[in-house]
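Working notes, beginning with the structure itself.
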Amino acid sequence: KGPAGWCILCGGPARILVLDIEAAGMADLSEKGERIRRVLDRLPDTCRRPSPSGGEHAVLHISDGPAPDGHGHLLVERQDGFNKKGKPRMTLLAEYRGHRAYAVVLGQGRGPLPSDFALHDVTLAELQAILDDLREVSDNPAAGHLSSTDAATEASDTGKATTPPEAMPRLQAGPMCDA
Numbered sequence: 508k509g510p511a512g513w514c515i516l517c518g519g520p521a522r523i524l525v526l527d528i529e530a531a532g533m534a535d536l537s538e539k540g541e542r543i544r545r546v547l548d549r550l551p552d553t554c555r556r557p558s559p560s561g562g563e564h565a566v567l568h569i570s571d572g573p574a575p576d577g578h579g580h581l582l583v584e585r586q587d588g589f590n591k592k593g594k595p596r597m598t599l600l601a602e603y604r605g606h607r608a609y610a611v612v613l614g615q616g617r618g619p620l621p622s623d624f625a626l627h628d629v630t631l632a633e634l635q636a637i638l639d640d641l642r643e644v645s646d647n648p649a650a651g652h653l654s655s656t657d658a659a660t661e662a663s664d665t666g667k668a669t670t671p672p673e674a675m676p677r678l679q680a681g682p683m684c685d686a
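In our numbering, the protein residues as written are 508 to 686.
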């Protein structure tokens with residue numbers, strides 16, 4: 508029996524970021540869902556992988572700089588009423604996985620990896636435009652922009668990441684524990 512799943516480690520020298528579109532984002536019939544699908548449709552099918560819940564991952568390679576830090580960086584949330592304490596109840600529609608995060612791309616409920624699967628190259632400016640396009644429709648005003656204060660994007664005067672390469676995760680294909 509094979510492994511339960513395979514993942515891509517994001518960030519590091521590989522400079523990978525994964526857009527993680529939740530099933531709720533794919534199914535949303537509002538302007539939020541329309542925007543999410545429009546952004547996703549601009550990316551080639553060859554960089555996209557389904558998730559078992561009905562969502563989708565788009566795997567991007569940043570060609571001119573490091574991936575921003577993070578796991579679970581919210582891009583689009585929809586407010587669905589209020590909880591018992593009167594605080595907004597949010598439903599996550601889209602997020603990204605950056606430096607020091609991972610995304611499962613192969614395993615239970617995801618089907619076989621197509622032979623033409625490939626990372627899609629984007630520049631930092633193109634990535635910023637994609638993320639801004641998504642954040643624009645979020646009900647969460649805290650969804651911020653890529654920041655030079657993020658650990659992975661903090662750069663020295665030479666323009667290189669200040670995190671030493673040996674401390675950064677490497678792109679690896681390997682089994683996940685109980686994915």
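Where a beta carbon is used, it is the ideal one built from N, C-alpha and C, also for glycine.
Computed from a predicted structure; not experimentally measured.
Please classify residue i: is it buried, with 16 or more other beta-carbons within 10 angstroms of its beta-carbon, or exposed?
i	result
ARG494	Here the chain has residues from 508 to 686 only, and residue 494 is not among them.
LYS539	buried
SER645	buried
ALA534	exposed
ARG555	buried
SER558	buried
Can you name, in chain order, every residue of its own chain whose Cβ lies under 7 Å from the Cβ of residue i, other than the five neighbours on each side?
i	result
ASP640	ARG542, VAL546
ALA574	CYS517, GLY518, ARG522, ILE523, LEU524, GLY605, HIS606, ALA659
ASP628	HIS568, SER570
PHE624	THR553
Note down, in chain order, each residue of its chain lying with its Cβ closer than 8 Å to the Cβ of residue i, except the 5 sequence neighbours on either side.
i	result
ASP587	ARG596, MET597, THR598
HIS652	Note that HIS652 scores a pLDDT of 48, beneath 50, so its modelled location is shaky and nothing firm can be said.
For the alpha helix (DSSP H) holding residue i, just list the boundary residues, first then last.
i	result
GLY540	538-548
GLY532	530-534
Tell me where the beta strand (DSSP E) around residue i begins and ends.
i	result
ASP587	580-589
ASP646	Counting along the chain, ASP646 falls outside any beta strand (DSSP E), and DSSP gives it neither H nor E.
HIS606	No beta strand (DSSP E) contains HIS606, which DSSP labels as neither H nor E.
GLY512	512-516
By Cβ distance below 6 Å, which residues in the same chain neighbour residue i in space, the five residues on each side in sequence not counted?
i	result
ALA531	THR598, LEU600
THR630	SER570, ASP571
Note to self: Within 8 Å, do at least three Cβ pairs link the stretch 583-595 to the stretch 605-615?
What the structure shows: no
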